[in-house]
Amino acid sequence: MTLTKADLADLLFEQVGLNKREAKDMVEAFFEEVRVALEVGDSVKLSGFGNFELRKKSERPGRNPKTGEEIPITARCVVTFHASQKLKSKVEENYATK
Amino acid sequence: MTKSELITLLAERFPQLVVKDAELSVKAILDAMGDNLAKGERIEIRGFGSFSLNYRPPRLGRNPKTGSKVQVPEKHVPHFKAGKELRDRVDSATAN
Numbered sequence: 001m002t003l004t005k006a007d008l009a010d011l012l013f014e015q016v017g018l019n020k021r022e023a024k025d026m027v028e029a030f031f032e033e034v035r036v037a038l039e040v041g042d043s044v045k046l047s048g049f050g051n052f053e054l055r056k057k058s059e060r061p062g063r064n065p066k067t068g069e070e071i072p073i074t075a076r077c078v079v080t081f082h083a084s085q086k087l088k089s090k091v092e093e094n095y096a097t098k
Numbered sequence: 101m102t103k104s105e106l107i108t109l110l111a112e113r114f115p116q117l118v119v120k121d122a123e124l125s126v127k128a129i130l131d132a133m134g135d136n137l138a139k140g141e142r143i144e145i146r147g148f149g150s151f152s153l154n155y156r157p158p159r160l161g162r163n164p165k166t167g168s169k170v171q172v173p174e175k176h177v178p179h180f181k182a183g184k185e186l187r188d189r190v191d192s193a194t195a196n
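This is the structure:
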């Protein structure tokens, strides 16, 4: 099952003992703080999980896949995620035992 | 921003909670996300992005030191795709 914000809020209610309102707000605030950091150009390093970094992309030629028309893809900044070694090995181990 | 800085920021947002609650919350969120990915299940956070696993087929690699061929087994690696809100906010903030 796909994990969603609602599932995370339930966990905070059950495991941390926040009330339902706080749990929902906490999950929202967690992702908002990460977004804000990335927005101001800061990378986010969550040890044991992974790093979110910003990558500058320069303009490159693209194509409208529907019409075939050539249009430039403008220069932009994108977010990349690199899983930590710990997360990678956790994924590997669990898959190996399946 | 590091995990401890994130905890501090969240603790400031919730003055009615003790810092320990913010710390436990961050830990619970990250653990749940890690466990879910490890089980091979997706994570979908509206406005932020989604995490899933990408399959890497087995391939013939080389030991860069000795040059000998080695069989690299198939594996799954975590993958993140930024959601629309995150993409737009990061892009418009850096454009100015």
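For the record, the sequence lines run as chains A and B.
This note's numbering numbers the first residue of the first sequence as 1 and each following residue consecutively.
This note's numbering numbers the first residue of the second sequence as 101 and each following residue consecutively.
Where a beta carbon is used, it is the ideal one built from N, C-alpha and C, also for glycine.
Could you name the residues of the same chain whose beta carbon sits closer than 6 Å to that of residue i, not counting the 5 residues immediately before and after it, in chain order?
i	result
residue 142 of chain B	152
residue 123 of chain B	107
residue 110 of chain B	122
residue 185 of chain B	147
residue 73 of chain A	60, 62
Could you tell me which chain A residues have their CB closer than 7 Å to the CB of residue i, listed as they occur along the chain?
i	result
residue 159 of chain B	Correct list: empty, because the minimum Cβ distance to chain A is about 16 Å.
Using a 10 Å radius around the Cβ and a threshold of 16 neighbouring Cβ atoms, would you call residue i buried or exposed?
i	result
residue 125 of chain B	buried
residue 140 of chain B	exposed
residue 56 of chain A	exposed
residue 129 of chain B	buried
residue 170 of chain B	exposed
residue 167 of chain B	exposed
residue 39 of chain A	buried
residue 5 of chain A	buried
residue 183 of chain B	buried
residue 134 of chain B	buried
Give me, in chain order, the residues of the same chain whose beta-carbon lies closer than 7 Å to that of residue i; leave out the 5 immediate sequence neighbours on both sides.
i	result
residue 159 of chain B	172
residue 41 of chain A	54
residue 45 of chain A	51
residue 163 of chain B	170
Is the beta carbon of residue i sitting closer than 7 Å to the one on residue j?
i	j	result
residue 147 of chain B	residue 181 of chain B	no
residue 12 of chain A	residue 1 of chain A	no
residue 29 of chain A	residue 9 of chain A	no
residue 37 of chain A	residue 178 of chain B	no
residue 190 of chain B	residue 77 of chain A	yes
residue 157 of chain B	residue 144 of chain B	no
residue 138 of chain B	residue 90 of chain A	yes
residue 87 of chain A	residue 31 of chain A	no
residue 103 of chain B	residue 47 of chain A	yes
Can you tell me which residues form a DSSP beta bridge with residue i?
i	result
residue 80 of chain A	A/53
residue 171 of chain B	B/160
residue 177 of chain B	B/154
residue 102 of chain B	A/45
residue 149 of chain B	B/145, B/182
residue 3 of chain A	B/143
residue 61 of chain A	A/72
Going along chain B, which residues have a C-beta under 8 Å from residue i?
i	result
residue 31 of chain A	145, 147, 148
residue 15 of chain A	124, 128
residue 63 of chain A	By Cβ distance, chain B contributes nothing, its closest Cβ being about 20 Å from residue 63 of chain A, past 8 Å.
residue 6 of chain A	The contacting residues do not exist; residue 6 of chain A stays about 10 Å from chain B at best.
residue 45 of chain A	101, 102, 103
residue 2 of chain A	141, 142, 143, 144
In chain B, which residues lie with their C-beta within 7 Å of the C-beta of residue i?
i	result
residue 53 of chain A	Going along chain B, no residue has its Cβ under 7 Å from residue 53 of chain A, so there is no contact; the nearest lies around 11 Å.
residue 39 of chain A	189, 190, 193
I want to verify the contact list: residues of chain B whose CB lies under 9 Å from the CB of residue i, in sequence order.
i	result
residue 60 of chain A	Within 9 Å Cβ-Cβ: nothing; residue 60 of chain A doesn't reach chain B, min ~15 Å.
residue 21 of chain A	Ordered by position in chain B, no residue passes the 9 Å Cβ test against residue 21 of chain A, which lies about 11 Å from the chain.
Using a Cβ-Cβ cutoff of less than 8 Å, which residues in the same chain neighbour residue i once the five nearest sequence positions on both sides are dropped?
i	result
residue 34 of chain A	44, 52
For residue i, go through chain A and note every residue whose CB falls closer than 8 Å to its CB, in chain order.
i	result
residue 178 of chain B	50, 81, 83, 87, 88, 91
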